[in-house]
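Before any comments, here is the structure.
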Amino acid sequence: MSVATKSVGAALSRVDGRAKVTGQARYAFEEPVEGVAYAAAVTATIAAGEIDAIDAQRALALPGVLAVISHDNAPRLGETDDGELLLFQSDTVHYRGQIVAAVVAETLEAAREAAACVRVDYAARDHDVELTAEHPRLYNPEKVNPSFPADTAHGDAEAALAKADVVVDATYTTAPVHNNAMEPHATLAFWEGDDLTLYDSIQGTYGARRTIAQVFDLDPERVRVIAQHVGGGFGSKGTPRPQSVLAAIAARMVERPVKCALTRQQMFASVGYRTPTIQRVRLGATQDGRLTAIAHDAFEQTSTVREFAEQTCVATRMMYAAPDRLTRHRLVALDVPTPSWMRAPGECPGMFALESAIDELAVACNLDPIELRIRNEPELDPEKGIPFSSRNLVACLREGAERFGWAEREARTDGRWLIGSGVASSVYPVYRSPSKATARFEPDGGYSVEIAATDIGTGARTVLTQIAADALGVDTEHVRLEIGDSDFGQAAIAGGSMGTASWGTAVVRACEALLAQGEGEATVNTADEIKAQSELSRHAFGAQFVEVRVDADSGEVRPNRILGMFAVGRVINPKTARSQFIGGMTQGLGMALQEESVMDRGFGDYLNHDLAQYHVPVNADIEDIVAAWIDEDDGELNPMGSKGIGEIGIVGTAAAVANAVFHATGKRVRELPIRLDRVLA
Amino acid sequence: MKAFAYERARDAAAAVAAGADGATFLGGGTNLVDLMKLGVAEPQRLVDVSKLPFDAIEETPEGRLRIGAAVRNTDLAAHPLVRERYPVLSQALLAGASGQLRNLATVGGNLLQRTRCSYFQDVTKPCNKRRPGSGCPAVEGEHRNHAILGHSEHCVATHPSDMAVALAAIGASVHVLGANGERTIPIPGLHRLPGERPQHDTVLNGGDLITAVELGAPAPRSVYRKVRDRASFAFAVFSVAAVVEPADGALQDVRIALGGVAHTPWRAERAEAVLRGAEATPERFAEAAEAELAEARPLRDNAFKVPLARNVLIRTLAELTA
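Line order of the protein sequences matches chains P and F. Counted the way the numbering used here counts, the first sequence spans residues 1 to 681. Counted the way the numbering used here counts, the second sequence spans residues 1001 to 1322.
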């Protein structure tokens, strides 16, 4: 065995990079299987009502069609709390685009043509698809995602606001946005007796196994979910989506393996999105910018299928020190697709509002916005009253300001362009979830490590190899890492920025156990270790700095440069970390300037349902983007000393852009996206 | 997607005969194939005209350019004579689509691309252009990027081409081979306003094959300015192509066309009339913009296009004549 090197911290290229660029890496839909059939979904063309009749005759008469599935003939499914998965169980239509039938055929082409020939007659009723802050059916949810209280109050924020020297009271709105991962949601399903196997495009195989087992009323041991390579998810693949269930139902009915991939258009209805929000933020402060009150009210939507309550105000509860604080979430169930997780659910839209309001307060107090934030830095977590494991927001603001040239910033003009700069803070919680890993001596002198982690494009396979190599004291080439298979046991999903921390802990402990026993294999579950960790407030922090130019004639906003400065514990791989940060900031830029799922009120669906009409940033939009991080040594996290980095990049970006637009133009745009017509208005 | 027959046209006459018999011409396929996937276009027979010998860019004896209909957008934008004599055309092409699409898209196909109105592209919804008589949901629905000029109650869609806007300002003509022989159609004039028959984008008949585009007099002093929601790969919210010929401190000739405002590339004749022979001053530019936009009839949610067009038109003329 060669001498061990320190792998963690090295800018290792992706261990699966070659397989990906040469097309050898297989995604769910690409898995070769004999005798496969293809399923195509038929979706509702009304937003609310009932199915009267389904006429499958024309579809069934087409060559190659094997079956038409609907509530007329589908098997009864088991219980699950995700009603979006209970396909074909009733004749009720909850939203336009809901899957109401499907065709299974010998080829994808035949399935799709036949799907277009299935005739569905409806009894439609009037639909209600518009979120407003005055909606008569607004209600107070019991909790917000995943299990936070909907409302919190510390002290008397109303009274504090009433007597504050300076008050900011502003309402911000964010548009619904869709995750739009590159790889569409896709599943291959096949049954062997009562054993079900899914090759699925999903962010977590172990959790998916449990959910699928519930839906089909099976013992979880009979279900296996495999996800070797996943082309992004941004939260929308956190749990099985309808195509997972559709493929499995179809496979059972035609007694063949079945592949089902959603179209891009269908992804705008079936797989979740970020709810639109209406947020009122009220800040009270002394003349010298010390916060006395923070109140944050969020209004958001869910569907009539199931409740998803985005935790929009949760970051506000712990961000700044103010003695009197109030946060509230109100929800309305509309005839719309169910919203779900999208990169930094809660923090992302919530911090747009809070960090815009903080910028407005800095203007009102005539203070530099960085200085204002420093003056309101809390000693303890304001909500829980406990220490932070580490909190380096101020360091990020100061170091970022230095690198960005913040002190020299000035609003200026260059021809028809108005130029200005903005800053915003970012935060994202640090979580871990119990995970199980197995490490093994291999006959060739190397090691193998198994864990049901998923690499959704983040580089998880690479960083876990680095972590294992260090734990074993060997070079990375001596470690064979196997992931993406529910048979490996309990594991965190690739979500909540907790993948690496959760899986890495398990990998380290399994490797340690293996070395201690000196032979064979060792399996470890981290449930007890995580339960025993000390009670501290654990968060990653960051600050985004943006310089924009705004066309004085057209209102077009273009970012000249973007800098993100982060405090995320130990960075395990600078190369893949940079990719996560700039990816997050790019998505934040999309949210700030372009991304918007347009609700067609007349028909009740998201109208611009493809990537030609729904604009995500392209290379030309990103001129100069830099991600950097401070050295942060936090011994209260996990064996690697790392914090999650998948989501914090997006969090403050939109507010930094909006604040820069204000600096450049003097116009405060409180609605996202900051379209040119909103700048001109 | 429905099954269809594909054939490559043997020659232009055979293509025209097939077209008159109901076949659909296929150029680069960058729009038609999308529409086929969406079920918006369901041709039974595709005749590929992209390999016909219309792929040359030739100089005419008068120093103008004749561009074969099958010339790819990328090649046209990069052609040295286009860049030198018709910068507005090169700029418009490069402002459109993406590099990959421009590599495939042909000149003929670019002119005949369909609107990107969301309702037109969604077969589950009505659209008078796709299904005449079914109604136009955009009038009351989502129409932020729809027309402000020349629209009708039957259709408020815009023409998506950047290239066509530049051609309208340059003053080009289209050579067409049809069942009754060759003819020439000027741009503007190829595209039509929606009126009561929005299903017809152009004045062409079945079987009419565009063989070439002939450009008007060289326009070395010209510019294309496109306003859009992202920096690349987005259709115009508004665009302007402008050509000027200054002489003796006055504007001897001015030609202006607007994009993103109408069912056709919109030749701004009222603005031109104000400016022809006038001095190049900000006041005159503003007057010209007002004259053109006085006709604007914005919809509920696209009134912003009027000040946007005014601002950008004034600035573009000022920069071009500076």
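Backbone N, C-alpha and C define an ideal beta-carbon position, used for all residues, glycine too.
For P:L218 and P:D195, the rounded distance between their alpha carbons: 9 Å
Three CB pairs or more closer than 8 Å across the region 1273-1282 of chain F and the region 1299-1306 of chain F: no
P:G666 (DSSP reduced to helix, strand or coil): coil
For P:T171, the residue or residues it bridges with in DSSP: P:R280
Distance CB(P:F266)-CB(P:G238) smaller than 8 Å: At residue 266 of chain P the sequence reads Gln, which differs from the Phe that was named. No, they are not a contact pair.
Cβ-based burial, P:M712 [other Cβ within 10 Å; buried from 16]: Not covered by the structure: residue 712 of chain P. The range shown for chain P is 1 to 681.
Helix, strand or coil at P:F441 according to DSSP, with G and I counted as helix: Strand.
Alpha helix (DSSP H) segment containing P:D194, residue limits: Careful: P:D194 lies outside any alpha helix (DSSP H) and carries neither H nor E.
Cβ-based neighbour list, F:T1074, same chain, cut-off 6 Å, excluding 5 preceding and 5 following: R1102, N1103
Chain F contact for P:P337 (CB, 8 Å cutoff): no
Amino acids of chain P, ordered along the chain, whose beta-carbon sits closer than 8 Å to that of F:A1231: Chain-order list of chain P residues neighbouring F:A1231: R558, V618, A620, D621, by C-beta distance under 8 Å.
Ranges of the alpha helix (DSSP H) found wholly within the region 357-417 of chain P, counting only runs of at least 4: 369-375, 393-404
Three or more C-beta pairs below 8 Å linking the region 646-653 of chain P and the region 405-422 of chain P: no
P:N638 Cβ short of 7 Å to the ligand FAD heavy atom set: Inclusion of the ligand FAD in the displayed structure is not the case, the ligand content being empty and no account of it being possible.
Contact under 8 Å by Cβ, P:D476 with P:A469: It is worth fixing the name first, because residue 476 of chain P is Thr in this sequence and not Asp. Yes, these two residues count as a Cβ contact at 8 Å.
Three CB pairs or more closer than 8 Å across the region 222-234 of chain P and the region 508-527 of chain P: no
Pairwise C-alpha distance: P:T80 and F:L1026: 49 Å
With 16 other Cβ atoms within 10 Å as the buried cut-off, status of P:V281: buried
Pairwise C-alpha distance: F:A1212 and F:D1055: 9 Å
Contact with chain P by F:K1129, beta-carbon distance below 8 Å: no
Close-in-space but distant-in-sequence residues of the same chain around P:N376 (CB under 6 Å, 5 per side omitted): L291, Y320, A321
Cβ shell of P:A471 (< 7 Å), same chain only, five flanking positions each side left out: V507, V508, C511, E512
Interface flag, P:D677 vs chain F, CB-CB below 8 Å: The beta-carbon of P:D677 is placed less than 8 Å from the nearest beta-carbon of chain F.
Cβ neighbour criterion (16 or more within 10 Å) applied to P:T665: buried
Contact with chain P by F:F1394, beta-carbon distance below 8 Å: Since the first residue of chain F shown is 1001 and the last is 1322, residue 1394 of chain F is not available in this structure.
Chain F contact residues for P:H127, given Cβ-Cβ distances below 9 Å: Within chain F, no residue comes near P:H127; the closest Cβ sits about 14 Å away, beyond 9 Å.
Proximity to P:A655 [Cα-Cα], best of P:D335, P:V548, P:R210: Of P:D335, P:V548, P:R210, the residue nearest in Cα terms is P:V548.
F:F1233 - partner residues in DSSP beta bridges: None, per the DSSP bridge assignment.
Chain P contact for F:R1300 (CB, 8 Å cutoff): No - not a single Cβ of chain P is within 8 Å of the one on F:R1300.
Residues bridged to P:T523 [DSSP beta-bridge criterion]: P:T438
Interface partners of P:G602 on chain F, CB under 8 Å: P1137, E1140, G1141
Simplified DSSP state of P:R549, which is helix, strand or coil: strand
Inter-residue spacing [alpha-carbon to alpha-carbon] between F:S1090 and F:L1258: 16 Å
For F:R1255, the residue or residues it bridges with in DSSP: F:V1243
Span separating the alpha-carbon of P:P559 from that of P:V42: 41 Å
Beta-carbon proximity list for P:D677, same chain, < 8 Å, skipping 5 on both sides: G555
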